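These notes concern the structure reproduced below.
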Amino acid sequence: MKNIIIVVLALFCLSGAKTETSIAIKFGTNFVPQTTDQGEVLTVTSFASDSSSLYLYDLSDRTIAIFNPEGIFLRKIPLQTIGRKTYVGDDFIVLKQQLIFLNTVDSRLEYFNIDNGVRIRSIECPREVPDVSSERRMRIVNKIFLDNGQIYLGNRYYAFLFDEPAVLAKKMPVIRPFALSKDSSIVMLYNRLRPVIFKSNHLKYDKNMIEYKAPRTQFYGKQTALLKGKLYFCTTTDSSITISFIKVME
Amino acid sequence: MRVYRLILFIFLIVSAGSAQYAVDSVIALSDSCVQIRWTPDSINTDVSWYEQYGATCTGADTIYKRCDFLPGVEYRGIPYSYGGEDAWYTFRDRLQQGFLVGSHSCHYSVYGDPSNKVTGTDCSGFLSFVWGYPRSTTSTFYTGSAFTTIPIVDVKPGDALVKATSGCGYHAILIVEANDIKEVVISEASSTVFGCRERVVDLSTSAWQCYKAIRYPKLESRSRPVTNLTKSNDISIQKINSIGYKVHFQRPLSGSIEVFTIDGRMLYISDLNNCDNILIKTGYTGVIAFRLTNELSKNPVIMATLR
């Protein structure tokens, strides 16, 4: 009898560890979508994390929304303008207290102070992954990754190290692109040994998975984040932003 | 004699195979609009102009009564300007002439700009330019009989996506590459990013339900035989090798000739002093544009050949 109870408790704990938690943030107060005259709905477009917080870029008001690890909204920080009204939302990472955005329109990396949104600097970056494919969709750089404290650029097929010191020293960096996984889509490399991959309509991190739900609005950057032993997934519905998360083994 | 300073831009894209002539040209023109590099100065972003004229522009509200760009910052892509239709070379010249860059709802007198000093393009101006079609509105592309409606899953490079209803908004987009409906490369003059851009999109999602896919049948019928000699009334360009060209002039010419990449980097410049031909080596294998400044020609000529 005692053994049965232990087994049941163990199963309960294990199942609880993989229970998905979802937090829906209704549109209307902190997040108000805007619709352009071209009919594009602007709201959150990219998701990232550092060692303590989650960050969502809100294209509607060009701000960074900060959440705690429980998915609770804390505050917003407006980003300093680069022209183009303010900032154009693409993929971004958080590194050394800086928000680093991949500006795919102007082919630049834009650095902002994470505390006040002040623009620190702007560096030109490659527009395409060189020498990899005749198909443009596989060459266009539209993702920024982070691995072991280093910046990688690429897309879902290829990535390459962005040698920031070389660029800052005005030296031509050596670009050696490498292919990402062929049988599934890598959606995130982010300072972890393993990537988050997309397969069979699920986001997988090692043996843990969370169901992918297509957003109702355009995401230009990542929809996933890893923080404090949890895998997070952000999407949009007609009426809200939803952040889901599960515990994972890191 | 009065001296005319006129500019000829000639796209030269050399390759084998003729069937894709028109489509390749469309993509090259799109690339030139998306990739052009430019840096405005304080004249191009003059705040006082927006304060003086912004309020009188058609449809202008408070957020549009100022410039979308900062002086001294390098950008890519022709800026978005509602009612605009500037080709990349027109934009480049107007930038140098001190025109204002992109002002959303202020462009040209028909849209309420009393100064006619704004340069840029809107989405239908962009599509008109790359298709070589007379300047049309998004509604014309949406309803026009000159275009064939096709299933959105059948789009090919050179096709367009358009929407023009009050519920969906108004927009026109060019298909650049469509090997996988979930990863289609498009280009557009976007009011979201205030300029021309290229991006990868998933056309199978609900976000694209409002769009109608159209094809411009005359594009492919404008194919012409393979040739490595490109002619206009004034000059002809002969491809010597992958990086070399010989430019022949109909008559001895004085002025200058410049060669650019499509993002605006200058590869070559030379003065012409009563020349009837000139040999040019660029050291560059991508798409290039020639700019000829002379005293004789009045009408700008744009030609595109094969990659």
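Here the protein sequences line up with chains V and F, keeping their order. According to the numbering used here, the first sequence is numbered sequentially starting from 1. According to the numbering used here, the second sequence is numbered sequentially starting from 1001. Each residue gets a CB set at the ideal place from its N, CA and C atoms; glycine is no exception. Predicted, not measured: the structure shown is a model, and the values here were computed from it.
Reduced DSSP secondary structure (H/G/I, E/B, other) of residue i
i               : result
R1291 (chain F) : strand
Y55 (chain V)   : strand
Y1142 (chain F) : helix
F1309 (chain F) : Look at the range of chain F in this structure, 1001 to 1307, and you will see that residue 1309 (chain F) is not part of it.
Q80 (chain V)   : coil
F1091 (chain F) : helix
C1275 (chain F) : strand
C1123 (chain F) : helix
Q223 (chain V)  : coil
S1048 (chain F) : helix
S1025 (chain F) : helix
C1033 (chain F) : helix
M138 (chain V)  : helix
E1183 (chain F) : coil
E1177 (chain F) : strand
D106 (chain V)  : coil
Q1096 (chain F) : helix
S1191 (chain F) : coil
P195 (chain V)  : coil
A1207 (chain F) : helix
Under 8 Å by beta carbon: chain F residues contacting residue i
i              : result
N142 (chain V) : R1199, V1200
R216 (chain V) : S1206, A1207
Burial state of residue i, where buried means 16 or more other Cβ atoms lie within 10 Å
i               : result
I72 (chain V)   : exposed
M188 (chain V)  : buried
P33 (chain V)   : buried
V88 (chain V)   : buried
A24 (chain V)   : exposed
T148 (chain V)  : Here residue 148 (chain V) turns out to be Asn, not Thr, going by the sequence shown. So N148 (chain V) counts as exposed.
M209 (chain V)  : buried
C234 (chain V)  : buried
K230 (chain V)  : buried
Q150 (chain V)  : exposed
P195 (chain V)  : buried
A1241 (chain F) : Ala is not the amino acid found at residue 1241 (chain F); the sequence shown has Asn there. Per the 10 Å Cβ criterion, exposed.
G1195 (chain F) : buried
A10 (chain V)   : For A10 (chain V), the predicted structure reports a pLDDT of 48, less than 50, and the residue's modelled location is therefore unreliable. A value from the coordinates is still provided. Exposed, by the Cβ-count rule.
T236 (chain V)  : buried
V118 (chain V)  : exposed
E1074 (chain F) : exposed
R127 (chain V)  : buried
L203 (chain V)  : buried
Within chain V, the residues that residue i reaches when beta carbons sit closer than 8 Å
i               : result
L1070 (chain F) : T81, I82, G83
R1076 (chain F) : V105, D106, S107
N1179 (chain F) : E135, R137
E1183 (chain F) : R137
V1153 (chain F) : Those within 8 Å of V1153 (chain F) in chain V number zero; the least Cβ separation is about 16 Å.
V1176 (chain F) : R136
Where residue i meets chain V, residues with beta-carbon distance less than 7 Å
i               : result
H1171 (chain F) : Q38, G39
C1033 (chain F) : Chain V residues near C1033 (chain F): none, gap ~12 Å exceeds 7 Å.
V1073 (chain F) : I82, G83
C1123 (chain F) : Q38
Cβ neighbours of residue i in the same chain (closer than 8 Å, five flanking residues each side left out)
i               : result
D1154 (chain F) : A1213
F12 (chain V)   : In this prediction, F12 (chain V) has a pLDDT of 45, which is less than 50 and means its spatial position is unreliable; what the coordinates show is noted afterwards. Here the set comprises nothing.
I120 (chain V)  : Q98, Y111, F112, N113
G16 (chain V)   : Any reading at G16 (chain V) needs caution, since the residue's pLDDT is 44, under 50, leaving its predicted position unreliable; the model's value is listed next. So the list is empty, once near-sequence residues are dropped.
Beta-carbon proximity of residue i to residue j, cut-off 7 Å
i               : j               : result
P1243 (chain F) : K1281 (chain F) : As written in the sequence, residue 1243 (chain F) is Ile, which differs from the Pro given in the question. Yes, these two residues count as a Cβ contact at 7 Å.
V1023 (chain F) : P1151 (chain F) : no
Y212 (chain V)  : L146 (chain V)  : no
G1125 (chain F) : P1079 (chain F) : no
G154 (chain V)  : V129 (chain V)  : yes
K222 (chain V)  : F47 (chain V)   : yes
V1176 (chain F) : T1138 (chain F) : no
A225 (chain V)  : L59 (chain V)   : no
L1203 (chain F) : I1181 (chain F) : yes
V41 (chain V)   : L56 (chain V)   : no
L74 (chain V)   : I66 (chain V)   : yes
E20 (chain V)   : S240 (chain V)  : no
L1095 (chain F) : W1038 (chain F) : yes
L1279 (chain F) : K1246 (chain F) : yes
Closer than 7 Å at the beta carbon, the chain F residues around residue i
i             : result
V88 (chain V) : V1193
Contact set for residue i: own chain, Cβ-Cβ below 6 Å, skip 5 residues either direction
i               : result
V1026 (chain F) : V1130, G1158
Chain F contact residues for residue i, given Cβ-Cβ distances below 9 Å
i             : result
L42 (chain V) : T1192
Under 9 Å by beta carbon: chain V residues contacting residue i
i               : result
K1163 (chain F) : Q38, G39
C971 (chain F)  : Residue 971 (chain F) is absent from the structure shown; chain F starts at 1001 and stops at 1307.
Cβ shell of residue i (< 7 Å), same chain only, five flanking positions each side left out
i               : result
D1046 (chain F) : L1100
D61 (chain V)   : none
T1285 (chain F) : S1242, I1243
Interface flag, residue i vs chain B, CB-CB below 7 Å
i               : result
V1047 (chain F) : Chain labels in this structure do not include chain B; the protein chains are V and F.
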